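> Mapping of the sequence shown onto the numbering used here: residues 946 to 1116, in sequence order.
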Amino acid sequence: MTATSSPLARPGFVYSILLAIGMAAAVGTALGFQYIGGYIPCALCLLQRQPYYYAIPIAVLAAVSELVGLPNWITRALILAAGMLMLVTAGMGVYHAGVEWHFWPGPATCSTTASSMTTNAGDLLGELNTIKGPSCTDAALRVLGLSFAGWNVIAGILLAAFAFVGVRKTA
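(1) Name, in chain order, the residues that DSSP records as bridge partners for VAL1009.
(2) Entirely within the stretch 950-992 and at least 4 residues each: give me those alpha helix (DSSP H) ranges in chain order.
(3) Are the stretch 1005-1012 and the stretch 960-976 in contact at 8 Å, needing three or more beta carbon pairs?
(4) Quick one: what does DSSP say ALA1116 is sitting in, helix, strand or coil?
(5) Of the choices LEU1015, LEU1032 and PHE1109, whose alpha-carbon is the least far from that of LEU1025?
(6) So what does DSSP say about LEU1025, is it helix, strand or coil?
(7) Exposed or buried, which one is VAL972 when buried takes at least 16 other CB atoms within 10 Å?
(8) From the DSSP output, which residues share a beta bridge with VAL1088?
(9) How should THR1115 be labelled, buried or exposed, when 16 other C-beta atoms within 10 angstroms of its C-beta is the threshold for buried?
(10) Helix or strand or just coil, what does DSSP make of HIS1047?
(11) Who are the near neighbours of VAL1039 in its chain, counting only those whose CB is closer than 7 Å to its CB and skipping five residues on each side?
(12) Let me know if ARG955 comes out buried or exposed under the rule of 16 or more other beta-carbons within 10 Å of its beta-carbon.
(13) Sorted by chain position, which residues of the same chain lie with C-beta nearer than 6 Å to GLY1028's C-beta, five sequence neighbours on each side aside?
(14) Specify the secondary structure class of GLY1014 as computed by DSSP and reduced to three states.
(15) Given that a residue counts as buried once 16 or more other Cβ atoms are within 10 Å of its Cβ, and exposed if not, what is TRP1046?
(16) Let me know the secondary structure DSSP gives GLY1082 once reduced to three states.
(17) Hey, how far is the Cα of ALA1059 from the Cα of LEU991?
(18) Could you give the distance in angstroms between the alpha-carbon of TYR984 and the alpha-carbon of ALA975?
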């Protein structure tokens, strides 16, 4: 195997793998705050994660397409699709941050707050249908003045920009 055929010498492979790692780190951080930190996500927080769940496998597919030698346009299209999904999550983050800052109203599903769980096992199944997540209008935590939604905007824009550079460099 020559140096030029090494996967690390192929921009499509490098950009797609780094993009997948970056997206996994971003959504992994959110999951860490949820499962380790105890921050319960609201409905909009959960929606903002979905583009990551779709884009990570797409970026991995881009790396695989580069490795198996598929036409260059396939790798570029997959990286572009992952980048577009990062713009979607950034847009969702802008909307959510606007709801938190009360610039506009949030969806009706976000207007309730979580209530305490029952300790009676017989009532548990009944309460699962009535308990809602926390309100989307209140930021659970702000770091440097930004909520999770605000940080998602930054992460989404940076990851999208990285993907679009990857599309250009893979040409």
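Each residue gets a CB set at the ideal place from its N, CA and C atoms; glycine is no exception.
Being a predicted model, the structure only gives us computed values, none of them experimental.
This is what the structure holds:
(1) Here residue 1009 refers to the residue found at position 64 of the sequence shown. Looking at the DSSP output, VAL1009 sits in no beta bridge, so it has no partner there.
(2) When DSSP assignments are scanned along the stretch 950-992, the uninterrupted stretches of alpha helix (DSSP H) that are 4 or more residues long and fall wholly within it turn out to be 956-980.
(3) These segments touch.
(4) Within the sequence shown, numbered from 1, the residue matching residue 1116 stands at position 171. ALA1116 falls in the coil class under three-state DSSP.
(5) Along the sequence shown, one-based indexing puts residue 1025 at 80. Selected option, being the one with the closest Cα: PHE1109.
(6) The residue labelled residue 1025 in the question sits at position 80 within the sequence shown. If DSSP states are grouped into helix, strand and coil, LEU1025 belongs with the helices.
(7) For the purposes of this step, residue 972 is taken as residue 27 along the sequence shown, with counting starting at 1. By the neighbour-count criterion, in which a residue is buried when 16 or more other Cβ atoms sit within 10 angstroms of its Cβ, VAL972 is buried.
(8) Within the sequence shown, the letter at position 143 stands for residue 1088. Answer is LEU1091, bridged to VAL1088.
(9) The sequence position of residue 1115 within the sequence shown is 170, counting from 1. By the 16-neighbour rule on beta-carbons within 10 angstroms, THR1115 is buried.
(10) For the purposes of this step, residue 1047 is identified with residue 102 of the sequence shown, where counting begins at 1. Per DSSP, reduced to three states, the secondary structure at HIS1047 is coil, with no helix or strand assignment.
(11) Working through the sequence shown from its first residue, we reach residue 1039 at position 94. Contacts found: VAL1098.
(12) What you label residue 955 is simply residue 10 of the sequence shown in a count that begins at 1. Around the beta carbon of ARG955, 16 or more other beta carbons sit within 10 angstroms, so the residue counts as buried.
(13) Counting from one through the sequence shown, the residue named residue 1028 turns up at place 83. Residues of the same chain with a CB within less than 6 Å of the CB of GLY1028, apart from the 5 flanking positions on each side, are ALA1105, ALA1108 and PHE1109 in chain order.
(14) Translated into the one-based positions of the sequence shown, residue 1014 becomes position 69. In the structure shown, GLY1014 sits in coil (DSSP, three-state: anything other than H, G, I, E or B).
(15) Along the sequence shown, read from residue 1 onward, the residue named residue 1046 stands at position 101. By the 10 Å Cβ count, TRP1046 comes out exposed.
(16) As a position in the sequence shown, residue 1082 is number 137, starting the count at 1. Before going further, note that residue 1082 is Thr rather than Gly in the sequence given. Note: THR1082 maps to coil in three-state DSSP.
(17) As a working note, residue 1059 is residue 114 in the sequence shown. As a working note, residue 991 is residue 46 in the sequence shown. For ALA1059, the predicted structure reports a pLDDT of 49, less than 50, and the residue's modelled location is therefore unreliable. A value from the coordinates is still provided. In a straight line, the C-alpha of ALA1059 is about 15 Å away from that of LEU991.
(18) The residue given as residue 984 occupies position 39 in the sequence shown. The residue given as residue 975 occupies position 30 in the sequence shown. Rounded to whole angstroms, TYR984 to ALA975 spans 9 Å at the Cα level.
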